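Peer 1: Going from the sequence shown to the working numbering is simple: count from 1 and add 19. We treat Cβ as the ideally placed atom computed from N, Cα and C, and that holds for glycine. A quick note: this is a predicted structure, and the numbers were derived from the prediction, not measured. Take this structure first; my questions come after.
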Amino acid sequence: MSDTKGPVRIGVLGASSYVPTTLLNPAKGNAEVEVSAVASRGLDDAEQFAAKFGIARAHGSYEDLVADPDVDAVYVFVPTSMHGMWTKAALAAGKHVLVEKPFTANGAEAREIADLAAKTDRVVMEAIQFRYHPLTLRVEQVIASGELGKLQRVEVNLCVMLGNFKGNCYNYDFAGGAMMDAGSYVVNMLRTFGGSTPEVISARATLQDPRVDRAMSAEVRFADGHTGRIRCALWSSQLFRATAKVVGERGALRVISPAAPHLFPRLSIKSKDGKRVEWFSRRPTYAYQLDAFAGAVLRGEPVKTTPEGAAENMAVIDEIYRAAGLPIRVPS
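Below, the structure written as structure tokens:
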């Protein structure tokens, strides 16, 4: 059980334009958390961000925020290649950590942090937000119930359009690439819906530069014999595509927006029991994720996106890169 009494005072590493969506807006409706500090690589940037969003304290370095005695937990939203080093720094300072996906630059670094986290009483959680939405929980329940029968095939797609080719997500030195970004979600879906961590059979990349993928597809096989496929992209001819399909011997289910189920919270199921559609909450996935993080810190409640799971996720991503003939990413 944590020694934090609440609310959980969260400090943000990285004044990203995504932070309002992923943390600040959900925090407004959560009495168990308080976003109390932000750090950027320059004090001016941090102060401007803090003033704009009503954050009490601004730090001009990541080191200062990690050392802040009035911060209980750190939200790591720096470039991916730095996730590992700042997660370790936060743990060394006795902080709980919410790490934006992907967890680390590669599987070896993820394994190192998972082993480190296992030796502490601090919460370390990867921000794979869709895992906390009721729709995703229901998909897991339907699969576990046996309604679909023995699994045969799992297919997941997440193709988006990010045209800023100078952004961090396309930068190899910052551990960028489609597999690292959208791929973190689809691999987690594949493992969650498939029931275990699969073996990578083949992979094919569409390149932005010789080391960075803007799209990736891969075929996998699970130990129980069923197969799977993922497709992810930051820029591809498919424009936007987000689907998940699970096929068993006696039925199938389909989700239209699996990575952001609150946007189209519809689950369709076809089995021997007939066809049906189930609808779910439009409450943002990030709000459910923040509930889970606060519950873990304050009451020791279990989380679904553990360091151990993150290490398995990163190991699959590494294997997909190798199968596609690309180098795995390295920490800063």
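Helix, strand or coil: how does DSSP classify H102 here?
Peer 2: In this structure, H102 counts as helix in the three-state DSSP scheme.
Peer 1: Would you say the beta carbon of N332 is closer than 7 Å to some non-hydrogen atom of the ligand GDP?
Peer 2: Judged by which ligands are present, the structure shown has none, so any question about the ligand GDP falls away.
Peer 1: Helix, strand or coil: how does DSSP classify V31 here?
Peer 2: V31 falls in the strand class under three-state DSSP.
Peer 1: Starting from the Cα of R28, find the closest Cα among S35, A34, L42, Y37 and give me that residue.
Peer 2: The candidate whose alpha carbon is nearest that of R28 is L42.
Peer 1: Find the nearest neighbour of M144 within the set E320, A342, D337, judged by alpha-carbon distance.
Peer 2: Nearest of E320, A342, D337 to M144, Cα basis: E320.
Peer 1: Taking C-beta to C-beta, are Y81 and L156 nearer than 8 Å?
Peer 2: The answer is no: Cβ separation not under 8 Å.
Peer 1: For I336 and S203, what's the separation of their Cα atoms in angstroms?
Peer 2: Those two C-alpha atoms are separated by around 8 Å.
Peer 1: Output yes or no for whether 8 Å exceeds the beta carbon distance between H5 and T123.
Peer 2: This structure cannot speak to residue 5, because the chain is shown only from 20 to 351.
Peer 1: For I249 versus V175, is the C-beta distance shorter than 8 Å?
Peer 2: Closer than 8 Å, so yes.
Peer 1: Where does M20 fall in DSSP's three states?
Peer 2: Per-residue confidence for M20 stands at a pLDDT of 46, beneath the threshold of 50, marking its modelled position as unreliable; the derived number appears in the next sentence. Coil at M20, not helix or strand.
Peer 1: Pick out whichever of A65, R141, Y94 has its Cα sitting closest to the Cα of A111.
Peer 2: Nearest of A65, R141, Y94 to A111, Cα basis: R141.
Peer 1: To the nearest angstrom, how far is the alpha carbon of D200 from that of G30?
Peer 2: The alpha-carbon atoms of D200 and G30 are separated by roughly 23 Å.
Peer 1: Just to confirm my understanding: we take V90, look at its own chain, exclude 5 residues before and 5 after, and list those with CB closer than 8 Å. What are they?
Peer 2: Around V90: R28, I29, G30, S55, A56, L84, K114.
Peer 1: Look at L135 and V274 and say whether their C-beta atoms are less than 8 Å apart.
Peer 2: In this structure, V274 does not lie closer than 8 Å to L135 by Cβ.
Peer 1: Could you give the distance in angstroms between the alpha-carbon of P229 and the alpha-carbon of Y191?
Peer 2: The alpha-carbon atoms of P229 and Y191 are separated by roughly 10 Å.
Peer 1: Rounding to the nearest angstrom, what Cα-Cα distance links G61 and A330 in this structure?
Peer 2: Going by the C-alpha atoms only, they are around 32 Å apart.
Peer 1: Using alpha carbons as the reference points, say which of L272, V173, K120, L177 lies closest to T324.
Peer 2: Per the Cα distances, K120.
Peer 1: Excluding the five sequence neighbours on either side, which residues of its own chain have a C-beta within less than 8 Å of the C-beta of H245, listed in chain order?
Peer 2: Same-chain partners within the cutoff: K169, L170, Q171, R172, V173, G213.
Peer 1: Whole angstroms is fine: what's the gap from A69's alpha carbon to V38's?
Peer 2: Taking the straight line from one Cα to the other gives about 12 Å.
Peer 1: For A137 and E51, what's the separation of their Cα atoms in angstroms?
Peer 2: Rounded to whole angstroms, A137 to E51 spans 25 Å at the Cα level.
Peer 1: When burial is assigned at 16 or more other CB atoms within 10 Å of the CB, is M20 buried or exposed?
Peer 2: Below a pLDDT of 50, predicted positions are generally treated as unreliable, and M20, at 46, falls in that range; the measurement from the model is reported next regardless. M20 is exposed by the Cβ-count criterion.
Peer 1: Please state the DSSP three-state secondary structure of V231.
Peer 2: Residue state, collapsed to three classes: strand.
Peer 1: On a CA-only basis, which of Y340, L117, G25, S215 is nearest A146? Give me that one, please.
Peer 2: Looking at the Cα atoms, L117 is the closest of the given residues.
Peer 1: What did DSSP end up calling R130 once you bin it into helix, strand or coil?
Peer 2: Of the three classes helix, strand and coil, the one that applies to R130 here is helix, per DSSP.
Peer 1: Can you tell me whether P346 is buried or exposed, with buried defined as 16 or more other CB within 10 angstroms of its CB?
Peer 2: It is exposed - the Cβ of P346 has fewer than 16 other Cβ atoms within 10 Å.
Peer 1: Taking all protein chains shown into account, do 16 or more other C-beta atoms lie within 10 angstroms of the C-beta of G247, making it buried, or fewer, making it exposed?
Peer 2: By the neighbour-count rule (16 or more Cβ atoms within 10 Å), G247 is buried.
Peer 1: Thinking C-alpha only, which one of P98, E166, A34 is nearest G267?
Peer 2: Nearest option by C-alpha distance: E166.
Peer 1: Compute the distance between the beta-carbons of N49 and A313, then report whether it is under 8 Å.
Peer 2: Yes.
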